[in-house]
Amino acid sequence: MNWLSLLGLDAWVARWRAHVIEGAIAAEDRMELARLEWQDQKARLQHLLVLTIAVGGLTVVALLMLSAAVLVQFWDTPQRTAVAWGVAVVWLLGWAVALASLVSVAQKARHGFALTRRELAQDWREIKERL
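Residue 96 in my numbering sits at position 40 of the sequence shown, and the numbers go up by one each step.
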């Protein structure tokens, strides 16, 4: 004997079952879309990394060549020592700025996912309260 049919709940159960199936299909579609987008994003990030390394390397070479050109230009002049120290100071200042930026970014990176950690901690507190 089917109690759901007798109580008139079989249509309601069928409707809910259809909604659950639709929800599962939608979730599966979204997960597939997220997976495809993540693959695209990884490819773009890898391309960006390669180009960043190439630009960084070429920048270093260009700056070294510029420094050498400045030193060669002033080699046979009385300002030779001052120009050499000037080039060294400019490189030292650039290094100091890069180091300060690196330290700043590293300190900010320690606090990554702060919102996610806070939400998970709140969820954990709520679960413990219910238990």
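Where a beta carbon is used, it is the ideal one built from N, C-alpha and C, also for glycine.
Kindly give me the distance between the Cβ atoms of residue i and residue j, rounded to whole angstroms, as I take these residues to be in contact under 8 Å.
i           : j           : result
residue 127 : residue 139 : 6 Å
residue 143 : residue 123 : 5 Å
Chain D beta carbons: is any one of them nearer than 8 Å to that of residue i?
i          : result
residue 75 : The chain labelled as chain D is not found in the depicted structure, where only one protein chain is given.
Just tell me which of the options has its CA closest to the CA of residue i.
i           : options              : result
residue 150 : 136, 87, 115 and 125 : 115
Please list the segments of the alpha helix (DSSP H) lying wholly inside the region 130-184, counting only runs of 4 or more residues, in order along the chain. 136-165, all fully within the region 130-184.
Restricting to runs no shorter than 4 residues, where is the alpha helix (DSSP H) found entirely within the region 57-88? If one requires a minimum length of 4 residues, the alpha helix (DSSP H) runs lying completely within the region 57-88 are 59-63, in chain order.
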